[in-house]
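S.K.:
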Amino acid sequence: MIALGLLVLILTRIEAAWLSPLRPLTALEREVPLWPPTVPLLTWLERVLIAPWARWDALWYARIVAHGYQAGDGTTQFYPLYPLLAMPLARLGVPPLTALTVVGLAAGLGAVLRFERLAREEMDPIRARRAAAAFMLFPTAFILFAPYAEGVFLMAAIGCFHALRRQRGTLAGGLAGLAALARPQGLFLLLPLAWALGRERRGLRWIPALAAALLPPLGWHAYRIMAVEGLPPLGGDFNAFLYALLFSPHAHQVVPVQAFRWPWEALALALRRFGEAPDVDLGINLILAAGFLTLTALAWKGMDGGERLYTLAVVVSALSYHTGPVHPYMGLPRHMGVAFPVFLGLARARPRLLHVVPMAEAPGLFFLVIPYVLEAWVP
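This is the structure we're talking about:
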């Protein structure tokens with residue numbers, strides 16, 4: 057599987073470099089030619105391998121690595137584990153985006169290997185490899201090779217499930233806590249954690265596992281509120297309360313209009329918008345979401361209770377996240393894609409589908425690199 061991962065990494069890097077002159081968005085892309093190689097060589101390599109990926113959230117993470125979290129500028133919407141892992145490299149003089157890329161690539165490849173190892177514990181190696189290929193080639197999974205937090209999150213989340221399978225509750229709780237420091241969906245790991253511990257009837261022995269899961273995110277939000285932003289007003293509606301305590305009251309600096317609605321309301325608004333004014337961004341998101349929901353339905357029978365709870369929470373929260381009247385579902389399929397148990401369920405319940413799913417996914421993955429690099433689609 058490492059060979060396939062490296063192949064995807066190399067091909068997407070070549071594709072992004074080739075596309076970047078069509079819309080050079082960074083100073084390096086504008087000032088340094090793609091070919092022939094120029095000196096200093098490290099600058100040219102940064103232009104070819106790193107700069108084409110400096111899009112959307114990657115720029116926010118680079119800002120955090122370079123300058124830390126600042127009150128009122130939107131940076132606190134981004135959880136800290138990923139930029140914290142990149143900061144030591146940046147302190148050694150590595151450019152922030154390069155440091156983030158190194159961490160992200162290592163974590164992304166590690167997540168794929170961890171997923172395959174998890175699958176191998178219950179199925180034969182061929183089926184485990186096919187499940188890992190389906191996981192890695194889902195169209196939005198190219199983000200595992202971009203400067204995004206998904207690789208770090210998935211390393212911890214998959215490790216949490218692995219530890220639960222081995223009945224190591226405290227380790228599973230600690231990994232859930234780390235996942236919750238990388239992305240807010242990490243809190244959903246409390247559901248399979250509680251489900252597994254409940255089945256084992258551990259009584260008070262739950263406490264270390266739950267403490268390990270809850271203390272890291274609680275610590276982050278306490279730091280964000282007390283040291284960076286100050287105590288926000290807690291009045292107002294549900295979303296004001298949610299953003300004050302779980303995200304950031306300044307999240308509008310990143311996405312000007314965003315809120316959580318009932319999933320059917322958010323979906324109805326998105327479909328109405330697409331019917332009135334179709335666009336590439338929303339079309340891609342709706343198609344990929346429909347595909348992922350189909351895979352989820354096919355895999356449902358093959359997932360256990362904890363996997364179903366986590367998957368359901370991820371999917372419902374993604375469908376509930378409304379990002380305004382113009383682009384109402386930004387990031388929808390990427391947010392769904394962290395529900396990795398779907399691919400384990402497919403391997404258990406529909407193993408024959410694994411012959412075709414990766415082949416059907418791969419063209420979509422390489423296609424989506426195009427609108428990402430050209431900044432025509434928000435992943």
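Using the working numbering, the first residue of the sequence shown is number 57, and each one after it goes up by one. No residue lacks a Cβ here, since even glycine has one placed at the ideal position from N, Cα and C. Quick caveat: nothing in here was measured; it's all calculated off a predicted structure.
1) If you measure between the beta carbons of G225 and P312, is that distance less than 9 angstroms?
2) Can the beta-carbon of I281 be found closer than 9 angstroms to that of L298?
3) Are the CB atoms of I340 and E71 nearer to each other than 9 angstroms?
4) Tell me, which residues are paired with A315 by DSSP?
5) Alpha carbon to alpha carbon, how far is L115 from G91? Give it in angstroms, no decimals.
6) Go to P435, then tell me how far its alpha helix (DSSP H) extends in each direction, as first and last residue.
7) Rounded to the nearest angstrom, how far is the Cβ of P151 from that of W276, given a contact under 8 angstroms?
8) Using 10 angstroms around the beta-carbon of F294, count the other beta-carbons present and answer buried if the total reaches 16, otherwise exposed.
9) Do G242 and A236 have their C-beta atoms closer together than 9 angstroms?
10) At 4 residues or longer, and completely inside the segment 271–342: list those alpha helix (DSSP H) runs for me, N to C.
11) Apply the 10 Å Cβ neighbour rule to L210 and answer buried if 16 or more other Cβ atoms are within range, or exposed otherwise.
12) Helix, strand or coil for Q223 per DSSP?
13) Mind the definition here: the segment 410–428 touches the segment 363–380 only if three or more C-beta pairs lie below 8 angstroms; say whether that holds.
14) So what's V412 in DSSP terms, helix, strand or just coil?
15) Spatial neighbours of G207 within its chain, please: CB distance less than 6 angstroms, with the 5 preceding and 5 following residues excluded, ordered by chain position.
16) Just mark A432 as buried or exposed, buried being the case when its beta carbon has 16 or more other beta carbons within 10 Å.
17) Indicate the three-state DSSP secondary structure (helix, strand or coil) for R406 in the structure shown.
18) Take every Cβ of the segment 304–318, pair it with every Cβ of the segment 128–135, and state whether three or more of those distances are shorter than 8 angstroms.
19) Closest to V336 by CA distance: which of L349, L325, V382, D360 is it?
20) Around the C-beta of P96, are 16 or more other C-beta atoms found within 10 angstroms, so that it is buried, or is it exposed?
21) What distance in whole Å lies between the Cβ atoms of E417 and F194, which are believed to be in contact at a cut-off of 8 angstroms?
22) Measure from the alpha carbon of F396 to the alpha carbon of each residue in I58, Y125, T196, then state which is nearest.
23) Please list the terminal residues of the continuous alpha helix (DSSP H) segment that includes A155.
24) Roughly how many whole angstroms lie between the Cα atoms of M57 and V413?
25) Mind checking which residues open and close the alpha helix (DSSP H) that includes M392?
26) Does the ligand SAH have a heavy atom nearer than 8 angstroms to the CB of L388?
M.R.: Straight from the coordinates:
1) no
2) Not in contact: I281 and L298 (Cβ atoms no closer than 9 angstroms).
3) no
4) H378
5) Sequence inspection shows Trp at residue 91; the Gly mentioned does not correspond to that position. For W91 and L115, the distance between alpha carbons rounds to 25 angstroms.
6) Run containing P435: none; DSSP gives neither H nor E here.
7) Contact flag wrong, Cβ pair sits at about 26 angstroms.
8) exposed
9) yes
10) 294–301, 319–332
11) buried
12) For Q223, the three-state secondary structure derived from DSSP is coil.
13) no
14) In the three-state reduction of the DSSP assignment, V412 falls in the coil class.
15) G160, A163, G164, A167, L200
16) exposed
17) coil
18) Under the Cβ criterion (8 angstroms, minimum of three pairs), the segment 304–318 counts as touching the segment 128–135.
19) V382
20) exposed
21) 5 angstroms
22) T196
23) That run of the alpha helix (DSSP H) goes 152–176.
24) 16 angstroms
25) 388–393
26) In the structure on display, the ligand SAH does not appear, and there are no ligands present to speak of.
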